[in-house]
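Inspection log for the structure reproduced underneath, given as structure tokens.
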Amino acid sequence: MKGIEHDGKRILVVNLDGTLYAWDGTCTHEEYDLSMGFLTGDSVTCALHLSRFNLLTGEAVNPPAEKPLGKHQVKIANGDILVEVA
Ligand code: FES
7 MKGIEHDGKR ILVVNLDGTL YAWDGTCTHE EYDLSMGFLT GDSVTCALHL
57 SRFNLLTGEA VNPPAEKPLG KHQVKIANGD ILVEVA
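Below, the structure is given as structure tokens:
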């Protein structure tokens, strides 16, 4: 997993068994940087208060976070990883 930033917006790009996903990179609890967290299987755990998010669905599966992560389109083109940021 890798955190990137564009126009002040954090994005979390993850490779799960060869499939890329791009999610909002800011925890929906108190806005901590999720790239500082821990990737375990198909979920990321926020390092600040240990909320856990499913990286297949974006769902918050462990409190204190309750809101899901926003999803971004991601693809590989000419060897570059491209993320669409709304
Ligand atoms: S900021 Fe992520 S769990 Fe609190």
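The opening position of the sequence shown corresponds to residue 7 in our numbering, with each subsequent residue numbered one higher.
We put the beta carbon where it would ideally sit given N, CA and C, even for glycine.
- In the structure shown, the three-state DSSP call for SER49 is strand.
- Taking a contact as a CB-CB distance under 8 Å, the pair LEU18 and LEU54 does not count as one, their CB atoms being some 15 Å apart.
- Rounded to whole angstroms, ALA92 and HIS12 show a C-alpha spacing of 11 Å.
- In this structure, the straight-line span from the alpha carbon of VAL67 to that of VAL50 is close to 10 Å.
- Relative to the ligand FES, ALA92 has its C-beta separated by 7 Å or more from all heavy atoms.
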